[in-house]
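Visitor: In our numbering, the protein residues as written are 138 to 560. Backbone N, C-alpha and C fix where the C-beta goes; we use that ideal spot for every residue, glycine too. None of these values were measured; they are calculated from a predicted model.
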Amino acid sequence: MLKPLSHRLKKLRHDKRGNILLLAGAGFSVLVGAAGVGVDAVQWYLWNRQLQQAADSGALAGAHALNKGEEYSLTARTELERTANTNFNVERLTNPPESGKYAGDTGAVELIATTSRALPFSSLFLIDPPTIRVRAVAATISEGRHCVYALAEDGIGISVQGNSEADLGCGVLSNSRGKDSIYLHGSSYLTATPISAAGGIYAEDGTYPADASLQPFGIAKDDPLADRGLTVPAHGPCTTNFRLRPSESATVGSSDPTAVHCFRGGMDIKGTLTMRPGVYIMDGGSFKSNSQASITGRGVTIILTGSEPGNVATVDLAGGNFTDLSAPTMDQNPDWAGILFYQDQIGSNQRSKITGGTTLKMNGIVYLPGGDLDFAGNSGQDSDCLLLVAKRVGFAGDSKLKNNCGDMLDDYDLSTRIIRVVE
Numbered sequence: 138m139l140k141p142l143s144h145r146l147k148k149l150r151h152d153k154r155g156n157i158l159l160l161a162g163a164g165f166s167v168l169v170g171a172a173g174v175g176v177d178a179v180q181w182y183l184w185n186r187q188l189q190q191a192a193d194s195g196a197l198a199g200a201h202a203l204n205k206g207e208e209y210s211l212t213a214r215t216e217l218e219r220t221a222n223t224n225f226n227v228e229r230l231t232n233p234p235e236s237g238k239y240a241g242d243t244g245a246v247e248l249i250a251t252t253s254r255a256l257p258f259s260s261l262f263l264i265d266p267p268t269i270r271v272r273a274v275a276a277t278i279s280e281g282r283h284c285v286y287a288l289a290e291d292g293i294g295i296s297v298q299g300n301s302e303a304d305l306g307c308g309v310l311s312n313s314r315g316k317d318s319i320y321l322h323g324s325s326y327l328t329a330t331p332i333s334a335a336g337g338i339y340a341e342d343g344t345y346p347a348d349a350s351l352q353p354f355g356i357a358k359d360d361p362l363a364d365r366g367l368t369v370p371a372h373g374p375c376t377t378n379f380r381l382r383p384s385e386s387a388t389v390g391s392s393d394p395t396a397v398h399c400f401r402g403g404m405d406i407k408g409t410l411t412m413r414p415g416v417y418i419m420d421g422g423s424f425k426s427n428s429q430a431s432i433t434g435r436g437v438t439i440i441l442t443g444s445e446p447g448n449v450a451t452v453d454l455a456g457g458n459f460t461d462l463s464a465p466t467m468d469q470n471p472d473w474a475g476i477l478f479y480q481d482q483i484g485s486n487q488r489s490k491i492t493g494g495t496t497l498k499m500n501g502i503v504y505l506p507g508g509d510l511d512f513a514g515n516s517g518q519d520s521d522c523l524l525l526v527a528k529r530v531g532f533a534g535d536s537k538l539k540n541n542c543g544d545m546l547d548d549y550d551l552s553t554r555i556i557r558v559v560e
């Protein structure tokens, strides 16, 4: 009986017909194992991606809380727990960050989280499951350069409506937290970037370029000129109700570029006015021109004031034939350098209007912190450097501003602050 068995085993040893089956069986085992490890690798990648997104959200929430003066750590952990769909450990949560480009930045939050779980296939080959580690840093950063600021904290701050086109060559920023903080409507078109708002941005299709950077619900910006501490200066006797008829011309001011000249009831200009360098106070009324007026002034600051908001002077440049005004330099008047128009902080119940005529040249800062401004340029506008800061700003017509200011605005922070994931 043993002889036939040994004979059969000998034949089996030399038989090649079963090799393919054995090789297929061995190969199939390797294939199944590789597929299993591949499935586990996909799961690891998914966990890494999900945990990274949760860490980003947590760091952002912490940075926002930090900006508001709140406890950043609790806020960041709460957001991380809300958005993470896997178990995790917080390895580091700190302000300022301890590593990376933003190490030591007091406006930044660093969050490092880990997760580690065994999976069916990989656990056959690995003693310990791999640890997935993610890191996120969120910080408050400055971005962009703006030449139009609306300081109102509610309602519409900046509007472009009707058929107007505003080509600004810089950014616009509204401090309003309203849902329509910036309002772009109808056939209007705003060429500006960034378009920044503390509230929402209402922009209909085709009202801004495709490459414009829209930044809604950002951080409100402090008045960029507040640190100047501008106030209405003391002055002597005032000229009352200054008027120029269409056929008349006049020159005002003196040889002293720091001298202060007062006009009670403002100026109503229909003729030709030359303004020497100096400070011109409009006490009530308005600084007003019509279609026949011609106004020239280099090194001038025009101050709008009154006893209360109901009678504070305004600007009303309504399509004059020729307007060429520029602010004083530091050498001419260090107290008012760069300021072309300044309205008393108490503001005005009336809107100021700057409407371009045949030629409109204005260079300097239009600063109406408590008043509203309507700006409408035209094809004859040529303003190399014009910064508009008002409570609210509305654009009409063809408004074009250039941003070639040289060093005149270097002392002002004209950026906006945004919170984003930076690492």
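For the structure I just gave you, are there three or more beta carbon pairs, one from the stretch 299-315 and one from the stretch 330-345, closer than 8 Å?
Guide: They touch, by the three-pair rule.
Visitor: Taking the beta carbon of Leu183 as the centre, do at least 16 other beta carbons fall within 10 Å, making it buried, or is it exposed?
Guide: The residue labelled residue 183 in the question sits at position 46 within the sequence shown. The residue in question, Leu183, is exposed, as its Cβ has fewer than 16 Cβ neighbours within 10 Å.
Visitor: Could you tell me the alpha carbon to alpha carbon distance between Glu385 and Asp359, rounded to whole angstroms?
Guide: Counting from one through the sequence shown, the residue named residue 385 turns up at place 248. Counting from one through the sequence shown, the residue named residue 359 turns up at place 222. One C-alpha to the other measures close to 44 Å.
Visitor: Alpha carbon to alpha carbon, how far is Tyr320 from Thr215?
Guide: Position 183 of the sequence shown holds residue 320. Position 78 of the sequence shown holds residue 215. Distance between the alpha carbons of Tyr320 and Thr215: 35 Å.
Visitor: Throw me the rounded Cβ distance for the Arg557 and Ala275 pair, which I believe falls under 8 Å.
Guide: Position 420 of the sequence shown holds residue 557. Position 138 of the sequence shown holds residue 275. Correct: roughly 7 Å between the Cβ atoms.
Visitor: List the DSSP bridge partners of Met499.
Guide: Here residue 499 corresponds to residue number 362 of the sequence shown, with the count starting at 1. Paired residue(s): Leu462.
Visitor: Can you tell me the Cα-Cα spacing of Phe165 and Ala178, whole angstroms?
Guide: As a first step, residue 165 is located in the sequence shown; it is residue number 28 there, counting from the start. As a first step, residue 178 is located in the sequence shown; it is residue number 41 there, counting from the start. Bear in mind that a pLDDT of 48 at Phe165, under 50, signals an unreliable position, so the model cannot answer this.
Visitor: By DSSP, does Val369 sit in helix, in strand, or in coil?
Guide: As a first step, residue 369 must be located in the sequence shown, where it is residue number 232. Of the three classes helix, strand and coil, the one that applies to Val369 here is coil, per DSSP.
Visitor: Would Gly195 be called buried (16 or more neighbouring beta carbons within 10 Å of its own) or exposed?
Guide: Locating residue 195 in the sequence shown gives position 58, counting from the first residue. It counts as buried.
Visitor: Got a sec, what are the start and stop residues for the beta strand (DSSP E) Arg314 sits in?
Guide: In the sequence shown, counting from the first residue as 1, residue 314 sits at position 177. Note, Arg314: premise wrong, no beta strand (DSSP E); not H, not E.
Visitor: Buried or exposed: which applies to Met404, given that a residue is buried once 16 or more other Cβ atoms fall within 10 Å of its Cβ?
Guide: For the purposes of this step, residue 404 is taken as the residue at position 267 of the sequence shown. Result: buried.
Visitor: Suppose contacts are defined by Cβ-Cβ distances below 7 Å. Is Gly402 in contact with Thr377 by that definition?
Guide: As a first step, residue 402 must be located in the sequence shown, where it is residue number 265. As a first step, residue 377 must be located in the sequence shown, where it is residue number 240. In this structure, Thr377 lies closer than 7 Å to Gly402 by Cβ.
Visitor: Going along the chain, which residues of its own chain have a beta-carbon closer than 7 Å to the beta-carbon of Ile338, five neighbours each way excluded?
Guide: To locate residue 338, count along the sequence shown from 1; it is residue 201. Answer for Ile338: Ser318, Ile319, Ile332, Leu351, Pro353, listed in chain order.
Visitor: With Pro446 and Asn500 assumed to form a contact (beta carbons below 8 Å), what rounded beta-carbon distance in angstroms separates them?
Guide: Residue numbering aside, residue 446 sits at position 309 when the sequence shown is read from its first letter. Residue numbering aside, residue 500 sits at position 363 when the sequence shown is read from its first letter. Not really, about 29 Å apart at Cβ, beyond 8 Å.
Visitor: How many Å lie between Asp481 and Ala396 at the Cα?
Guide: In the sequence shown, residue 481 corresponds to position 344, counting from 1. In the sequence shown, residue 396 corresponds to position 259, counting from 1. Going by the C-alpha atoms only, they are around 19 Å apart.
Visitor: Does Ala240 come out as helix, strand or coil in the three-state DSSP assignment?
Guide: Here residue 240 refers to the residue found at position 103 of the sequence shown. In the structure shown, Ala240 sits in coil (DSSP, three-state: anything other than H, G, I, E or B).
Visitor: Name the DSSP bridge partner or partners of Glu302?
Guide: The residue you call residue 302 lines up with position 165 of the sequence shown. Looking at the DSSP assignment, Glu302 forms a beta bridge with Tyr326, Asp535.
Visitor: Once the 5 residues before and after Asp291 are set aside, which same chain residues still bring their CB inside 8 Å of it?
Guide: What you label residue 291 is simply residue 154 of the sequence shown in a count that begins at 1. Counting only Cβ-Cβ distances below 8 Å, and skipping sequence neighbours, we find Ser313, Arg314, Gly315.
Visitor: Kindly identify the DSSP beta-bridge partner or partners of Leu351.
Guide: The residue labelled residue 351 in the question sits at position 214 within the sequence shown. Leu351 is bridged to Ile332.
Visitor: Give every residue of the same chain whose Cβ lies closer than 7 Å to the Cβ of Lys238, excluding the five residues on either side of it in the sequence, and list them in chain order.
Guide: Against the sequence shown, residue 238 aligns to sequence position 101. Answer for Lys238: Glu560, listed in chain order.
Visitor: How is Ala450 classed by DSSP in three states: helix, strand or coil?
Guide: Translated into positions along the sequence shown, residue 450 becomes position 313. In this structure, Ala450 counts as coil in the three-state DSSP scheme.
Visitor: On the premise that Val246 lies in contact with Ala200, defined as a C-beta separation below 8 Å, what is that separation, rounded to the nearest angstrom?
Guide: Here residue 200 refers to the residue found at position 63 of the sequence shown. Here residue 246 refers to the residue found at position 109 of the sequence shown. That belief holds up - the Cβ atoms of Ala200 and Val246 are roughly 5 Å apart, short of 8 Å.
Visitor: Can you give me the Cβ contacts of Ser431 inside the same chain, cut-off strictly under 8 Å, excluding the 5 residues immediately before and after it?
Guide: The count along the sequence shown starts at 1 and reaches residue 431 at position 294. Excluding positions up to five away in sequence, the list reads Gly408, Thr409, Leu410, Gly457, Asn458, Phe459, Thr460.
Visitor: Measure the beta-carbon distance from Ala287 to Ala527 and round it to whole angstroms, keeping in mind my assumption that it falls under 8 Å.
Guide: As a position in the sequence shown, residue 287 is number 150, starting the count at 1. As a position in the sequence shown, residue 527 is number 390, starting the count at 1. Contact flag correct, Cβ pair sits at about 7 Å.
Visitor: Put Ala430 into one of helix, strand or coil per three-state DSSP.
Guide: By 1-based counting over the sequence shown, the position of residue 430 is 293. Three-state result, Ala430: coil.
Visitor: Can you tell me which of Thr433, Ala387, Val503 puts its alpha carbon nearest to the alpha carbon of Leu441?
Guide: Residue 441 sits at position 304 when you count from the first residue of the sequence shown. Measuring from the Cα of Leu441, the nearest candidate turns out to be Val503.
Visitor: With burial defined as no fewer than 16 other Cβ atoms inside 10 Å of the residue's Cβ, what is the status of Gly343: buried or exposed?
Guide: By one-based count along the sequence shown, residue 343 stands at place 206. Burial call: exposed.
Visitor: Taking the C-alpha atoms as reference points, what is the distance between Pro374 and Asp547?
Guide: The sequence position of residue 374 within the sequence shown is 237, counting from 1. The sequence position of residue 547 within the sequence shown is 410, counting from 1. Cα-Cα distance, rounded: 36 Å.
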